[in-house]
Amino acid sequence: MIDRNEPPDKELQLRIKTIMVLRALFLAGFVILIFLFQKDVPYHAPVGPLSVAIGSAFFLSMVYALFLMQGRDLFLIASVQVAGDLAVVGGIIYSTGGIESPLSFLYSLAIIATSVMLPRAATYLAASVASISYGLLIDLEYYNVIDPVYFFIKSRVAYEGGYVFYIIFINIASFYSVAFLSSLLSHRLRLIKEELAVTSSDLKELQAFHRNVVQNMGNGLLTTGLDGNITSMNPAAEEIAGQSSRESLGKPCHLLLPLAELRKFFAENKNERLPRLIEGECVVTGGKSIFLRIKISRLIEDRETAQAKGYICVFEDLTEIRNMEKKMAQTEQLAALGRFSAGLAHEIRNPLASLSGSIQVLYKGLDLEENYRRLMEIVVRETDRLNRIVTDFLHYAHPRKKQETVVDLTQLVQDVLALIRNGADYNPSINLEFKSQTGHLLINSDEQLLRQVIWNLCINGVQAMPLGGTLKVVLEKTAGFERGKFQTGQGGLALTVQDEGEGIPPENSEKIFQPFYTTKDEGFGLGLATVRQIVENMGGVIAVDSQVAKGTRFVIFLPCAGFPVANER
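With the numbering used here applied, the sequence shown covers 6 to 574.
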């Protein structure tokens with residue numbers, strides 16, 4: 006019995022079933038012919054032996070069907086059928102006159118059935134068995150060993166040895182001829198079917214490959230007829246155009262991608278040279294404005310005549326790339342402007358320092374009247390203010406290179422808070438609180454840059470509370486950080502500075518980090534811009550949460566990458 010886990014040979018199974026059906030039909034027709042023959046002939050033909058042979062054939066057919074239903078080996082079933090057919094044919098020839106039987110051609114039908122079910126070698130084997138059995142049957146009859154049943158009227162011809170040999174030779178030659186032709190045709194048919202199966206499999210794989218490529222490609226692809234109406238489109242095209250293929254099929258291409266040049270292409274003479282590239286900005290379904298690049302090629306139906314049956318449109322959304330190019334151009338312009346401004350500020354700073362020093366010497370050395378003295382004080386104060394603006398701008402435009410050392414960040418925060426507490430801007434009604442983990446947190450970084458970051462955030466918090474309040478500074482280790490679009494699982498340090506001041510309106514939450522944006526009367530607008538620049542250069546991130554009239558909280562995260570020391574002392 007065959008292994009049920011292995012799929013049966015569908016082709017061989019089909020051939021066996023076909024032969025079984027044809028055998029049953031042939032036997033049924035043969036029985037009908039016998040009855041008609043008996044009805045028309047004037048003598049009584051002996052039907053018993055022939056009925057036994059035909060009945061045996063029907064019985065064997067039921068056995069073959071039972072074997073097939075039980076799932077037995079198909080090759081074994083076919084072999085048993087061939088042996089049974091040859092035996093039944095021998096019985097039919099014996100019961101219809103032996104050498105005088107006109108039914109010796111049934112051996113040829115059995116050989117043909119063998120070539121249909123089994124390989125070429127089995128066909129020649131069946132022809133050999135048929136030749137031996139037929140020759141043996143004739144020889145036994147010739148030598149009066151057996152006496153066949155004469156279903157038909159026995160002739161009165163006396164068969165000589167040469168004639169008998171001739172009949173045997175003719176039949177054997179016909180058996181092998183049939184075996185050769187039928188096996189050749191069957192073998193060729195099998196080869197053709199195998200080649201077709203391989204070709205069909207390759208074609209299916211190729212179709213699946215092309216379908217997967219088209220369905221999964223990142224660019225949009227659609228095909229149109231010669232009139233420009235859409236005939237197919239892939240998922241990327243649906244996503245870019247914002248419209249499903251069900252809604253788009255049959256509609257003009259320029260309605261899905263409303264570009265004036267695309268409409269013009271399909272409206273005018275399209276015998277121009279292709280492929281053609283079309284670029285432009287359009288508004289697709291949903292009101293989204295995108296920048297498209299479309300490449301149009303011909304869809305060829307017959308490569309020999311190069312006759313086109315439509316067009317292939319491959320397109321991509323370049324909106325982000327165009328925006329990036331614009332930002333890069335703006336960045337280059339700003340960088341050039343920044344370099345020019347930094348150079349100009351540096352040149353202004355040198356004579357400004359000389360001018361400030363000279364005015365201070367004159368102020369101390371001259372005995373001026375009160376009005377002139379007050380004017381001189383204004384000049385000195387504004388000169389110092391102008392010098393601070395130029396200095397802060399230079400620090401922002403050309404930040405100095407990091408000089409990394411091991412920094413005690415806990416002590417650094419305490420020192421900055423002590424300077425603020427003793428500074429001129431400090432209001433005694435402001436409470437300064439500092440919380441940190443046990444011990445001192447160390448970090449490998451630039452101490453001066455970190456001091457500038459902490460000072461700017463803390464002094465902004467103090468200046469935001471003119472009526473008093475609490476400024477909280479929290480320093481802690483963290484195993485990761487997530488805020489807005491920034492997310493990391495890397496460990497680092499988090500510094501939080503929170504005040505109870507006026508707060509920042511939501512519309513100004515991003516503007517506060519822009520250079521020269523300030524809400525203070527005497528501010529320069531470079532403090533927070535410098536803070537974010539320093540933090541980002543250190544690989545960190547700064548975030549702000551604020552509510553009007555409730556206060557503002559700045560959170561800075563500094564990752565450990567590039568900061569190997571982050572332990573407690």
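Where a beta carbon is used, it is the ideal one built from N, C-alpha and C, also for glycine.
In the structure shown, what three-state DSSP assignment does residue 564 receive? If DSSP states are grouped into helix, strand and coil, residue 564 belongs with the strands.
Helix, strand or coil for residue 509? Go by DSSP, reduced to three states. DSSP, read as helix, strand or coil, puts residue 509 in coil.
Would you kindly work out how many angstroms separate the C-alpha atoms of residue 71 and residue 64, rounded to a whole number? When rounded, the distance between both Cα atoms is 11 Å.
Closer than 8 Å by C-beta to residue 82: which residues in its own chain qualify, once you throw out the five before and the five after it? Chain order, please. Counting only Cβ-Cβ distances below 8 Å, and skipping sequence neighbours, we find 21, 69, 72 and 73.
Using only CA atoms, which one of 189, 104, 79 and 149 lies nearest to residue 129? 189
If we count the other Cβ atoms within 10 Å of its Cβ and call it buried at 16 or more, is residue 11 buried or exposed? With a pLDDT of only 42 at residue 11, under the threshold of 50, the placement of this residue in the model should not be trusted, and no figure is reported.
Are residue 546 and residue 491 closer than 8 Å when you measure CB to CB? yes
Below 8 Å on the Cβ atoms is my contact criterion, and I expect residue 455 with residue 412 to pass it. Report the Cβ-Cβ distance as a whole number of Å. 6 Å
What are the boundary residues of the beta strand (DSSP E) that includes residue 476? 474 to 483
Just mark residue 9 as buried or exposed, buried being the case when its beta carbon has 16 or more other beta carbons within 10 Å. Residue confidence is low: residue 9 scores 40 on pLDDT, short of 50, so the model does not pin down where it sits. Its coordinate-derived value is still stated next. Exposed is the call here.
Exposure label - residue 254; buried when at least 16 CB within 10 Å: By the 16-neighbour rule on beta-carbons within 10 angstroms, residue 254 is exposed.
Does the beta-carbon distance from residue 295 to residue 318 come in below 8 Å? no
Can you name the start and end residues of the beta strand (DSSP E) that residue 314 belongs to? 312 to 322
By how many angstroms is the C-alpha of residue 235 removed from the C-alpha of residue 241? 15 Å
Alpha carbon to alpha carbon, what distance is there between residue 79 and residue 14? 8 Å
Mapping the DSSP letters down to three states, classify residue 121 as helix, strand or coil. helix
Is it right to say residue 380 is buried, meaning 16 or more other beta carbons lie within 10 angstroms of its own, or is it exposed? exposed
Cβ-Cβ separation, residue 457 to residue 539 (assumed contact under 8 Å), whole Å: Their Cβ separation, rounded to whole angstroms, is 7 Å, which keeps residue 539 and residue 457 in contact under 8 Å.
Please report the residue range of the beta strand (DSSP E) in which residue 447 lies. 447 to 451
Give the DSSP bridge partners of residue 60, in chain order. Note: residue 60 sits in no beta bridge, so no partner.
Whole angstroms is fine: what's the gap from residue 513's alpha carbon to residue 378's? 41 Å
Entirely enclosed beta strand (DSSP E) segments - the region 207 to 250, minimum 3 residues: 225 to 229 and 235 to 238
Going by DSSP in three states, residue 549 sits in which element: helix, strand or coil? strand
If you draw a straight line from the C-alpha of residue 574 to the C-alpha of residue 442, how long is it? With a pLDDT of only 45 at residue 574, under 50, the local geometry of the prediction cannot be trusted, and no value is derived from it.
Sorted by chain position, which residues of the same chain lie with C-beta nearer than 7 Å to residue 243's C-beta, five sequence neighbours on each side aside? Contacts found: 249 and 250.
Between the Cα of residue 549 and those of 508, 543 and 523, spot the shortest distance and give me the residue it belongs to. 508
If you drop the 5 nearest sequence neighbours on each side, which residues of the same chain put their C-beta closer than 8 Å to that of residue 555? Beyond the five residues adjoining it in sequence on each side, residue 555 comes within less than 8 Å, by CB distance, of 505 and 508 in the same chain, given in chain order.
Roughly how many angstroms lie between the CA atoms of residue 531 and residue 372, to the nearest whole one? 38 Å
Closest by CA to residue 120, which one among 191, 344 and 541? If you compare the alpha carbons of 191, 344 and 541 with that of residue 120, the shortest gap goes to 191.
Check whether the region 176 to 188 and the region 108 to 116 touch, using three or more Cβ-Cβ pairs below 8 Å as the test. yes
So, under 8 Å CB-CB, residue 297 and residue 285 are touching, yes? Tell me the CB distance rounded to an integer number of Å. 6 Å
Cβ-Cβ distance between residue 395 and residue 368 below 8 Å: no
Starting from the C-beta of residue 357, find all residues in its chain whose C-beta is less than 8 Å away, skip the five residues before and the five after it, and write them out in chain order. 388, 391, 392 and 395
Note down, in chain order, each residue of its chain lying with its Cβ closer than 7 Å to the Cβ of residue 97, except the 5 sequence neighbours on either side. 55, 58, 108 and 111
Residue ranges of each beta strand (DSSP E) within the region 264 to 296, 3 or longer: 281 to 288
Starting from residue 442, trace the beta strand (DSSP E) both ways and give me its first and last residue. Note, residue 442: premise wrong, no beta strand (DSSP E); not H, not E.
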